[in-house]
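Right, one structure below, let's go through it.
Residue numbers (our numbering): 1 to 474.
Structural data, given as structure tokens:
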């Protein structure tokens with residue numbers, strides 16, 4: 001595969017045609033690949049694509065402009081067009097006969113075609129524009145077919161979800177597998193050829209996805225198939241959010257509405273599924289937090305703007321709008337919900353990902369010093385960070401948690417020592433435990449009020465040990 005993929009760097013396409021095995025493979029690849037496992041098919045098509053495109057990329061500087069198609073362009077089209085035509089034919093077949101939508105052969109064919117196109121799209125992601133243009137020119141005509149197929153299978157899932165029959169779950173699973181391949185294909189195309197795609201096409205794609213995942217019947221589907229669709233959807237949203245172009249930024253409002261705005265309570269599937277699915281700690285939450293990372297790091301000014309000056313001359317910050325206020329609170333409440341998961345429901349990797357995000361946003365934007373955070377979120381996050389420490393489930397991350405706790409507390413140490421700690425102790429200890437603590441000798445549960453990090457860290461550790469002793473004895 002590697003040899004095939006790299007031939008184009010040293011040989012022109014015309015020279016490659018002099019290799020008998022190359023011409024045989026080119027002539028029979030579509031029939032030959034059908035006898036291979038799908039992953040191997042993807043590797044084979046990718047290698048063949050790379051070989052053809054690399055010959056064009058490495059030699060195009062030596063070629064004059066041609067009014068006709070170049071040999072490599074014809075070869076590339078011959079490689080891709082049969083897959084595109086297969087997708088178009090499937091869309092037509094299902095339009096004419098919806099009864100075939102769950103037919104095993106149809107499902108298998110669509111999954112194969114979408115997977116191969118995704119592999120081919122990935123192969124041009126880091127290539128020059130000549131390669132991206134070649135891919136786009138071949139597959140652009142199939143965009144309506146893909147959208148029609150996506151709509152058809154989502155409609156099928158909606159119908160199946162309202163039927164209580166023994167075979168319904170199996171049918172939904174089959175439909176979701178097709179949806180998953182289409183979602184992942186769209187995500188890859190947005191990564192690989194977003195600049196080549198027309199704005200109207202991207203708009204249609206995003207509106208379809210947002211409308212679809214507003215449907216609670218669809219987004220509430222459980223199981224591994226549903227899990228994969230949700231992960232694919234979150235990955236697609238992340239790609240849209242991290243892309244700075246105006247084509248994608250225009251969808252930020254839709255994404256925020258779907259994930260964190262007024263629709264959040266109505267969309268009882270997608271984001272409740274994220275927090276209730278048994279695999280969410282190890283699978284979905286990683287995609288979710290990655291999406292939030294891009295929202296906060298690339299679009300922070302969508303939420304917070306400079307609104308004037310304080311009496312001492314410092315620049316004053318405020319929410320950009322009432323909607324931005326709602327989104328901002330909801331985003332951080334969602335992050336707190338992730339950190340508040342107990343036991344095996346919170347993987348250390350996810351915990352570290354969230355802690356790192358809070359750390360970066362504070363250093364870059366002064367998050368903890370922002371008045372809105374202080375007034376509405378600070379106490380909740382102090383409690384959340386303390387809970388992580390007192391549960392003792394993230395000992396390897398204890399230093400990171402304590403450092404972040406110190407920075408959140410440092411905004412107003414007086415309220416931390418005088419208000420928060422007293423309330424927190426009463427919250428986590430029972431009345432008999434509180435009485436027992438008051439009778440213990442020494443400085444049990446006492447803090448000196450020092451604000452430097454080394455002393456603060458020592459006192460946090462001592463506090464945690466005191467809590468363990470009190471709970472063990474009572």
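Glycine included, every Cβ here is placed at the ideal spot set by N, Cα and C. Every value quoted in this text rests on a predicted model; they were computed, and no experiment measured them.
For residue 305, the enclosing beta strand (DSSP E) begins and ends at 304-309. If you look at residue 319, you'll find it isn't in any alpha helix (DSSP H); it sits in the beta strand (DSSP E) that goes 315-319.
Here the alpha carbon of residue 50 sits roughly 14 Å from the alpha carbon of residue 25. When 320, 89, 191 and 203 are compared, the shortest CA-CA separation from residue 235 is found for 191.
Taken in chain order, the complete beta strand (DSSP E) segments of 3 or more residues contained in the region 384-420 number zero; there are none. For secondary structure counted as the alpha helix (DSSP H) over 4 or more consecutive residues, the region 325-379 holds these complete runs in sequence order: 348-365 and 371-376. Excluding the 5 residues flanking it on each side, residue 117 has same chain C-beta neighbours closer than 7 Å at 83, 139 and 185, in chain order. Residue 251 carries a coil assignment under DSSP once its states are collapsed to helix, strand and coil.
By the beta-carbon neighbour count (other beta carbons within 10 angstroms, threshold 16), residue 384 is buried.
Taken through DSSP and simplified to helix, strand or coil, residue 473 comes out as helix. Secondary structure of residue 431 (DSSP, three-state): helix. Taking C-beta atoms under 8 Å as the contact rule, residue 402 and residue 448 fail to qualify, at a distance of about 16 Å. Residue 92 counts as exposed, since fewer than 16 other C-beta atoms from the protein chains shown sit within 10 angstroms of its C-beta.
Rounded to the nearest whole angstrom, the CA to CA distance from residue 339 to residue 358 is 12 Å. For residue 180 and residue 232, the gap between their C-alpha atoms comes out near 7 Å. Annotated three-state conformation of residue 174 is helix, per DSSP. The DSSP-derived three-state label of residue 297 is helix. When the beta-carbon positions are compared, residue 183 and residue 209 come within less than 9 Å of each other. The C-beta distance from residue 193 to residue 135 rounds to 6 Å, short enough to meet the 8 Å contact threshold. Annotated three-state conformation of residue 105 is helix, per DSSP.
Here residue 241 has 248, 252, 255, 291, 294, 295, 298 and 299 as same chain residues with Cβ atoms under 8 Å from its own Cβ, once five neighbours each way along the sequence are excluded. Shortest Cα-Cα distance from residue 318 to any of 355, 366 and 409 involves 366. Of the candidates 439, 446, 283 and 148, 283 places its Cα closest to the Cα of residue 345. Nearest in C-alpha terms to residue 212, of all of 376, 470 and 150, is 150. Here the C-alpha atom of residue 122 lies approximately 14 Å from the C-alpha atom of residue 41. The C-alpha of residue 56 lies about 11 Å from the C-alpha of residue 75.
If you draw a straight line from the Cα of residue 353 to the Cα of residue 332, it is about 14 Å long. If you draw a straight line from the Cα of residue 43 to the Cα of residue 80, it is about 14 Å long.
Shown here for residue 437: same chain residues with a beta carbon closer than 6 Å to its own, the five before and five after excluded, namely 444, 445 and 470 in chain order. A direct Cα-Cα distance of roughly 23 Å separates residue 53 from residue 86. Taking 9 Å as the cut-off, the Cβ atoms of residue 260 and residue 337 do not count as close. Scanning 78, 88, 159 and 48 for the CA closest to the CA of residue 102 turns up 159.
Remark: three or more beta-carbon pairs, one from each stretch, lie closer than 8 Å, so the region 410-423 and the region 372-381 are flagged as touching. The region 17-50 is shown to contain no whole beta strand (DSSP E) run of 3 or more residues. The continuous stretches of alpha helix (DSSP H) do not include residue 447, and DSSP gives it neither H nor E.
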